[in-house]
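Engineer:
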Amino acid sequence: MSSFDELQAVIRRGAEARQADQRACEGFLNLLYHALRAANGPGLPLNNVSMDPVSDPQEALRPAPLGSWHAAWFRLGLCEVRVRVRRADGAFRGEYGPGEGFRVDELSEDAVLSLARQLLRDVISFYGGGHDEGTHLN
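Okay, so the sequence shown: first residue is 1119 according to the numbering used here, each after it adds one.
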């Protein structure tokens, strides 16, 4: 078997796991979108929140290997923030700015809503001057 044939066989064998991983991460990003819309509390949906899934700019292989980052831009009114997420150790791990990492072990509405509220507080802090000079959201 040639190296090329071996590569094709490895890609085919891992396709189902990669697709499941991608669906899980995309589902997480979708849950975060809905949590951001509900972050103001019951009956006060944020209508100016949108999500645009994108390829992770740091990914150098397609299809992305198992455990790769998946990303989306979230438009929060007048600003946008890119959120990256991947599955690792049975949890969702991610980032949305310099030093703004997260880990969600239990995929529940409360856990994702808590993350959405933290993300909003961090972005408010950044724009409100609660950050070091020279740093900016990616």
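Note that CB positions come from ideal geometry on N, CA and C, so glycine has one too.
What are the start and end residues of each continuous beta strand (DSSP E) run of 3 or more residues lying completely inside the stretch 1188-1235, in chain order?
Structural biologist: Whole beta strand (DSSP E) segments, 3+ residues: 1188-1194, 1197-1206, 1209-1213, 1219-1222.
Engineer: Alpha helix (DSSP H) containing D1139: first to last residue?
Structural biologist: Start and end: 1121-1155.
Engineer: Under 8 Å between the Cβ atoms of L1184 and G1132?
Structural biologist: Yes; because the gap between Cβ atoms is below 8 Å, this pair is in contact.
Engineer: Tell me whether L1197 is buried or exposed, calling it buried when 16 or more other Cβ atoms sit within 10 Å of its Cβ.
Structural biologist: Per the sequence shown, residue 1197 should be read as Cys rather than Leu. Counting Cβ neighbours within 10 Å, C1197 comes out exposed, since fewer than 16 surround it.
Engineer: Verify whether the separation of the beta carbon atoms of V1167 and W1187 is less than 8 Å.
Structural biologist: In this structure, W1187 does not lie closer than 8 Å to V1167 by Cβ.
Engineer: Just grab the DSSP bridge partners of S1168 for me.
Structural biologist: Its beta-bridge partners are R1193.
Engineer: Going by DSSP in three states, S1243 sits in which element: helix, strand or coil?
Structural biologist: S1243 falls in the helix class under three-state DSSP.
Engineer: Taking just the CA atoms, how far does L1237 sit from S1073?
Structural biologist: Coverage of the chain is limited to positions 1119 through 1256, which leaves residue 1073 absent and any answer about it impossible.
Engineer: Report buried or exposed for V1128, applying the criterion of at least 16 other Cβ atoms within 10 angstroms of its Cβ.
Structural biologist: Its Cβ having fewer than 16 others within 10 Å, V1128 is exposed.
Engineer: Determine the closest residue to R1136 out of L1149, Y1151, P1181, with distance taken between C-alpha atoms.
Structural biologist: Comparing Cα-Cα distances from R1136 to each of L1149, Y1151, P1181, the minimum goes to P1181.
Engineer: Below 8 Å between beta carbons: does that hold for V1199 and A1189?
Structural biologist: The answer is no: Cβ separation not under 8 Å.
Engineer: From R1130 to D1123, what does the alpha carbon distance come to, in whole angstroms?
Structural biologist: Going from the Cα of R1130 to the Cα of D1123 covers about 11 Å.
Engineer: Determine, using beta carbons only, whether D1146 and F1192 come nearer to each other than 8 Å.
Structural biologist: At residue 1146 the sequence reads Phe, which differs from the Asp that was named. No, these two residues do not count as a Cβ contact at 8 Å.
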